[in-house]
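In what follows, a structure is listed as C-alpha coordinates, so that the remarks can point back to it.
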Amino acid sequence: MWKKLRLISLLSIVSLLLVSCGTELAPYDAKKPLGEQINYTITGIDAGAGIMLSTQNAIKAYKLDDYNWQLQTSSTAAMTSTLEKAIKR
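Under mature numbering (1 follows the signal peptide of the UniProt record, and there is no 0), read the sequence shown as residues -26 to -1, 1 to 63, first letter to last.
Here it is in C-alpha coordinates:
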(Lines of atoms letter the chains of each structure in order from A and count residues from 1; the text may use other names and numbers.)
(Lines give C-alpha, C1' and ligand atoms only; values in the text may rest on other atoms or scores of the structure.)
Protein backbone atom coordinates (compact mmCIF):
# COMPACT_ATOMS: atom_id res chain seq x y z
CA MET A 1 0.00 0.00 0.00
CA TRP A 2 2.73 2.47 0.99
CA LYS A 3 4.76 1.62 -2.10
CA LYS A 4 1.82 2.48 -4.33
CA LEU A 5 1.21 5.71 -2.43
CA ARG A 6 4.88 6.67 -2.79
CA LEU A 7 4.82 5.91 -6.51
CA ILE A 8 1.65 7.94 -7.00
CA SER A 9 3.20 10.83 -5.06
CA LEU A 10 6.38 10.61 -7.10
CA LEU A 11 4.53 10.53 -10.39
CA SER A 12 2.43 13.51 -9.29
CA ILE A 13 5.55 15.52 -8.49
CA VAL A 14 7.19 14.59 -11.78
CA SER A 15 4.00 15.48 -13.66
CA LEU A 16 3.80 18.88 -11.98
CA LEU A 17 7.44 19.58 -12.83
CA LEU A 18 6.90 18.63 -16.45
CA VAL A 19 3.76 20.71 -16.77
CA SER A 20 5.35 23.75 -15.17
CA CYS A 21 8.43 23.68 -17.41
CA GLY A 22 6.71 24.36 -20.69
CA THR A 23 3.67 25.91 -22.24
CA GLU A 24 3.90 24.30 -25.66
CA LEU A 25 2.18 21.05 -26.39
CA ALA A 26 4.55 18.15 -26.04
CA PRO A 27 5.20 16.23 -29.25
CA TYR A 28 3.98 13.03 -27.61
CA ASP A 29 1.47 10.70 -29.15
CA ALA A 30 -1.04 9.62 -26.51
CA LYS A 31 -1.78 6.48 -28.52
CA LYS A 32 1.80 5.19 -28.21
CA PRO A 33 3.61 4.01 -25.07
CA LEU A 34 5.22 6.96 -23.31
CA GLY A 35 8.44 5.10 -22.47
CA GLU A 36 9.48 4.84 -26.10
CA GLN A 37 8.83 8.54 -26.64
CA ILE A 38 10.98 9.70 -23.72
CA ASN A 39 13.68 7.06 -24.09
CA TYR A 40 12.62 5.36 -20.84
CA THR A 41 14.21 8.18 -18.83
CA ILE A 42 12.88 9.87 -15.71
CA THR A 43 14.65 13.17 -15.06
CA GLY A 44 14.95 13.91 -11.38
CA ILE A 45 16.64 16.55 -9.27
CA ASP A 46 19.96 16.70 -7.41
CA ALA A 47 21.52 13.29 -6.88
CA GLY A 48 21.56 13.67 -3.08
CA ALA A 49 17.89 14.58 -2.75
CA GLY A 50 15.71 12.15 -0.83
CA ILE A 51 13.14 11.97 -3.62
CA MET A 52 15.85 10.55 -5.89
CA LEU A 53 16.39 7.63 -3.52
CA SER A 54 12.63 7.10 -3.33
CA THR A 55 12.41 7.17 -7.11
CA GLN A 56 15.24 4.67 -7.48
CA ASN A 57 13.52 2.42 -4.92
CA ALA A 58 10.23 2.70 -6.84
CA ILE A 59 11.98 1.79 -10.10
CA LYS A 60 13.38 -1.34 -8.43
CA ALA A 61 10.15 -2.20 -6.56
CA TYR A 62 8.07 -2.05 -9.72
CA LYS A 63 10.83 -3.70 -11.76
CA LEU A 64 10.86 -0.82 -14.22
CA ASP A 65 14.57 -1.41 -14.72
CA ASP A 66 13.58 -4.69 -16.40
CA TYR A 67 11.99 -2.47 -19.07
CA ASN A 68 15.09 -0.25 -19.38
CA TRP A 69 13.70 2.68 -17.38
CA GLN A 70 16.47 4.80 -15.89
CA LEU A 71 16.72 7.75 -13.54
CA GLN A 72 18.71 10.73 -14.77
CA THR A 73 19.85 13.36 -12.29
CA SER A 74 19.65 17.05 -12.96
CA SER A 75 20.59 20.08 -10.91
CA THR A 76 18.34 22.44 -9.03
CA ALA A 77 20.04 25.39 -10.71
CA ALA A 78 19.38 24.02 -14.20
CA MET A 79 15.76 23.20 -13.41
CA THR A 80 15.17 26.62 -11.81
CA SER A 81 16.68 28.35 -14.83
CA THR A 82 14.49 26.37 -17.23
CA LEU A 83 11.40 27.10 -15.16
CA GLU A 84 12.27 30.81 -15.01
CA LYS A 85 12.64 30.96 -18.80
CA ALA A 86 9.31 29.18 -19.27
CA ILE A 87 7.55 31.61 -16.94
CA LYS A 88 8.98 34.61 -18.80
CA ARG A 89 7.52 33.32 -22.08
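No residue lacks a Cβ here, since even glycine has one placed at the ideal position from N, Cα and C.
It should be emphasised that the depicted structure is a prediction, and the values quoted were computed from it without experimental measurement.
With a 10 Å radius around its C-beta and 16 neighbouring C-beta atoms as the bar for buried, classify residue i as buried or exposed.
i	result
A32	buried
T29	buried
G22	exposed
I16	buried
Would you kindly check if the distance between the Cβ of residue j and the Cβ of residue i is under 8 angstroms?
i	j	result
I25	I(-14)	yes
D20	Q11	no
With a cut-off of 8 angstroms on the beta carbons, I'd call residue i and residue j a contact; round off their distance for me.
i	j	result
Y41	Y14	7 angstroms
Q46	G18	7 angstroms
Note down, one range per segment and in chain order, each alpha helix (DSSP H) of at least 4 residues found wholly within the stretch 20 to 55.
Unbroken alpha helix (DSSP H) runs of no fewer than 4 residues, entirely contained in the stretch 20 to 55, are found at 24 to 35, following chain order.
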